[in-house]
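For the sequence shown, numbering that gives the first Met the number 0 gives the first residue as 0, with consecutive numbering after it. The C-beta atom is built at its ideal place from N, Cα and C for all residues, glycine as well. All values derive from a computational prediction rather than experimental measurement.
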Amino acid sequence: MIIKSDRDLDIKVGLLVYARPEIYVGKYFKHSKSPKSFYVYEVSIDARIADPDTLKPASIICRNGEVVEFLLCKEGISTIDAANYASKELKLKLTYAGLKDSEAHTCQFVRALCTSEVRLNSHYSLLDDKVRLYTIGRASELLFRGSLLGNYFKILLNYLGGTSEFNRVLQALDKLVNELPKLLLPNFFGYQRFGTRRPVTHLIGKAIAECNFEEAVRYIVGYPLKTESERVTAAREAF
0 MIIKSDRDLD
10 IKVGLLVYAR
20 PEIYVGKYFK
30 HSKSPKSFYV
40 YEVSIDARIA
50 DPDTLKPASI
60 ICRNGEVVEF
70 LLCKEGISTI
80 DAANYASKEL
90 KLKLTYAGLK
100 DSEAHTCQFV
110 RALCTSEVRL
120 NSHYSLLDDK
130 VRLYTIGRAS
140 ELLFRGSLLG
150 NYFKILLNYL
160 GGTSEFNRVL
170 QALDKLVNEL
180 PKLLLPNFFG
190 YQRFGTRRPV
200 THLIGKAIAE
210 CNFEEAVRYI
220 VGYPLKTESE
230 RVTAAREAF
């Protein structure tokens, strides 16, 4: 089922329609996004899932010129900040394949090049356990952006319906899961790419591509949005 969006922000960034199955069970479930209800596990190029429960961390000695692989798990912090902090603690520059949600519990593979011999523990707990690092072993090369198959998600839902209708809802949910692979989905760039506070990066990029640099600067410095404070709005209008 294709549904037109009536949200101003959607329309501004080109998210004109949504696709959803004919079966709807949303009224029976509630999801409150948090690191305790939203889990993301990276899937590597060789189809390994970045789950510390299935991988076996071990302490190793990494020698000069060797590449070591870790599992980085985090909560409430961005991949960039977590990797930078871990890099400083280990005195190794971590590389990774992609960015993971800061509002979820996420685990992903990261790698580093050892420039001298260093003994690495099997695991590290950083930032009051918001960041955990597990030593997996050696690898042949560093990671680069996009060197992953995808992500595996685990989402916890709260059931709001009654006991009498639970089996019926469960059957509908099973049917929905089976039909999802057949559903054609619009392949839009989402808010993860645009942001929600100031979604103008696509307009800036378009202006630069058209060599309209004055317009690009106007989108960067001027062009106030309703989502911004009065002080910021006044400054942008003054520009």
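**Item:** Closest residue to Leu15 among Gly189, Ala237, Ala208, Glu236 (Cα-Cα distance)
**Value:** Gly189
**Alpha-carbon spacing of Ala234 relative to Leu202, whole angstroms** = 20 Å
**Request:** Give, in chain order, every unbroken run of the alpha helix (DSSP H) that is at least 4 residues long and sits entirely within the region 36-67.
**Result:** none
**Prompt:** Curious, which full-length beta strand (DSSP E) runs of at least 3 residues does the region 84-142 contain?
**Reply:** 93-95, 104-112, 117-119, 122-125, 130-138
**Request:** Let me know if Cys239 comes out buried or exposed under the rule of 16 or more other beta-carbons within 10 Å of its beta-carbon.
**Result:** The chain is shown only over 0 to 238; residue 239 falls outside these bounds and no answer can be derived.
**Message:** Does any residue of chain C have a CB that is nearer than 9 Å to the CB of Gly189?
**Reply:** No chain C appears in the structure shown, which is made up of a single protein chain.
**Request:** Tell me whether His30 is buried or exposed, calling it buried when 16 or more other Cβ atoms sit within 10 Å of its Cβ.
**Result:** exposed
**Message:** Rounded to the nearest angstrom, what separates Val231 and Ala111 at their Cα positions?
**Reply:** 40 Å
**Message:** Taking the alpha carbon of Thr94 as the reference point, which residue from Glu116, Leu70, Thr105, Val39 has its own alpha carbon closest?
**Reply:** Leu70
**Message:** Run through the DSSP bridge pairs and tell me what Asn150 is partnered with.
**Reply:** Glu41
**Request:** Compare the Cα-Cα distances from Lys99 to each of Tyr84, Thr114, Asn83, Ser77 and report the closest residue.
**Result:** Ser77
**Request:** Compute the distance between the beta-carbons of Tyr151 and Glu236, then report whether it is under 9 Å.
**Result:** no
**Message:** For a quick check, are the C-beta atoms of Gly136 and Ala96 less than 9 Å apart?
**Reply:** no
**Prompt:** Tell me which same chain residues have a C-beta within less than 7 Å of the C-beta of Leu141, skipping the five on either side of it?
**Reply:** Val66, Thr94, Arg110, Leu112
**Cβ distance (whole Å) where Pro56 is taken to contact Ser121 below 8 Å** = 4 Å
**Message:** Under 8 Å, with one C-beta from each stretch per pair, do the region 170-183 and the region 17-29 reach the 3-pair mark?
**Reply:** yes
**Message:** Under DSSP, the alpha helix (DSSP H) around Tyr218 begins and ends at which residues?
**Reply:** 212-220
**Prompt:** For Asp80, which option in Arg197, Gln170, Leu126, Pro180 has the closest C-alpha, if you only look at C-alpha atoms?
**Reply:** Leu126
**Request:** Report the rounded CA-to-CA distance for Thr195 versus Gly13, giving the unit in angstroms.
**Result:** 13 Å
**Message:** Mapping the DSSP letters down to three states, classify Tyr23 as helix, strand or coil.
**Reply:** coil
**Item:** alpha helix (DSSP H) runs wholly inside the region 156-217, at least 4 long, in chain order
**Value:** 165-178, 190-193, 200-208
**Prompt:** Can you check whether the CB of Glu229 is closer than 9 Å to the CB of Arg197?
**Reply:** no
**Prompt:** By Cβ distance, which residues of its chain are closer than 8 Å to Leu148, with the 5 residues on each side in sequence left out?
**Reply:** Val42, Ser43, Ile44, Ala46
**Message:** Let me check understanding here. Comparing Cα to Cα, which of Glu74, Tyr158, Lys11 lies closest to Phe28?
**Reply:** Tyr158
**Asked** How long is the line joining the alpha carbons of Lys87 and Leu132, rounded to whole angstroms?
**Response** 13 Å
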